[in-house]
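These protein sequence lines are chains A and B, in that order. Going by our numbering, the letters in the first sequence line up with residues 16 to 127, in that order. Going by our numbering, the letters in the second sequence line up with residues 10 to 123, in that order. C-beta: ideal position from N, C-alpha, C; glycine also. Keep in mind that this is a model prediction, so the values were computed, not measured. I have placed the structure first, in the form of structure tokens, so that the comments after it can refer back to it.
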Amino acid sequence: GQQLNQSPQSMFIQEGEDVSMNCTSSSIFNTWLWYKQDPGEGPVLLIALYKAGELTSNGRLTAQFGITRKDSFLNISASIPSDVGIYFCAGRSSGNTGKLIFGQGTTLQVKP
Amino acid sequence: GAGVSQTPSNKVTEKGKYVELRCDPISGHTALYWYRQSLGQGPEFLIYFQGTGAADDSGLPNDRFFAVRPEGSVSTLKIQRTERGDSAVYLCASSSGQGANEQFFGPGTRLTVL
């Protein structure tokens, strides 16, 4: 099935470092979402973006909806050990559908 | 709890068997979604319901897969004649409506087809 192109696939960083990951699509999306998934659990929503160019923060997390509506990025500042997990981007093509298209995920490991 | 629950948490079956996976959404949520997540991949959309009706079933891979939500609450994903390639985590999510509303995910059912 269709998936977004998410990079990097994995990151291993030192505690306190900043992290950046991004997602691109060949299709336009009206909504971009960023989720975090811990082992054995379902994804949990971190940030939702609804407008091209929108920049939104949630604590140490900042995400942007690309101007072209075909990309988005997520930044995590001053990483801590509990940031460990798998991060997924997801896009929705229109406001009338509940269908989300997910990226392949970025696995983040933080070394204390 | 008040979250989305899924049963069973794990299901091991033999190739060719029939399985049912159950999802209990958050009370009052009208929209319910099923996704499938293979190892190392993101969730892949299967089907979603708005109320009792399937609003979009374009993600169901073939006619062995079927889902129902007869009373607009609990949903069952049914897989006939299971194949080894069906092995994955099946995630359910619900939201207060379709569209822009946040989807809350359950912990998933890990299906293993031997």
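### Task
Would you identify the three-state DSSP class for R6/B, choosing helix, strand or coil?
Any property of residue 6/B remains undetermined from this structure, which presents chain B solely from 10 to 123.
### Message
Using the Cβ count rule (16 or more neighbours within 10 Å means buried), how would you classify N73/A?
### Response
exposed
### Query
For the beta strand (DSSP E) that L19/A lies in, which residues bound it at each end?
No residue range can be given for L19/A, since it is assigned to no beta strand (DSSP E) and is classified by DSSP as neither H nor E.
### Query
How big is the Cα-Cα spacing for Q29/A and K126/A?
For Q29/A and K126/A, the gap between their C-alpha atoms comes out near 5 angstroms.
### Query
Do G113/A and Y57/B come within 7 angstroms of each other at the CB atom, strictly closer than that value?
yes
### Task
Answer with buried or exposed for E53/B, where buried requires no fewer than 16 other C-beta atoms within 10 angstroms of its C-beta.
buried
#### Entry: Short CB-CB distance (under 7 angstroms) between E69/A and chain B
no
### Query
Rounded to whole angstroms, how far is the Cβ of G7/A from the Cβ of L100/B, which I believe are closer than 8 angstroms?
It is not possible to answer for residue 7/A, since the shown part of chain A is limited to 16 through 127.
### Message
Can you pull the chain B neighbours of G120/A, defined as C-beta to C-beta under 8 angstroms?
### Response
G49, Q50 and G51
### Query
When you compare only the Cα positions, how much space is there between S40/A and Q15/B?
31 angstroms
### Message
Could you compute how far the alpha carbon of I91/A sits from the alpha carbon of G37/B?
### Response
34 angstroms
### Query
Would you say the beta carbon of K85/A comes nearer than 6 angstroms to a heavy atom of the ligand FAD?
Summarising the ligand content, the structure contains no ligands, and the ligand FAD is consequently not present.
### Message
Can you give me the C-alpha to C-alpha distance between T91/B and Y27/B, rounded to a whole angstrom?
### Response
6 angstroms
### Message
Counting only C-beta atoms, is D65/B closer than 7 angstroms to chain A at any point?
### Response
yes
#### Entry: In DSSP terms, what I28/A is bridged to
Beta-bridge pairing links I28/A to V125/A.
### Query
Taking 7 angstroms as the CB-CB cut-off, is K51/A touching chain B?
no
### Query
Hey, how far is the Cα of C6/A from the Cα of Q21/A?
Coverage of chain A is limited to positions 16 through 127, which leaves residue 6/A absent and any answer about it impossible.
### Query
Whose Cβ in chain B lies nearer than 9 angstroms to the Cβ of G106/A?
Going along chain B, no residue has its Cβ under 9 angstroms from G106/A, so there is no contact; the nearest lies around 11 angstroms.
### Query
Excluding sequence positions up to five away, which residues of its chain have a Cβ less than 7 angstroms from the Cβ of P79/B?
T61
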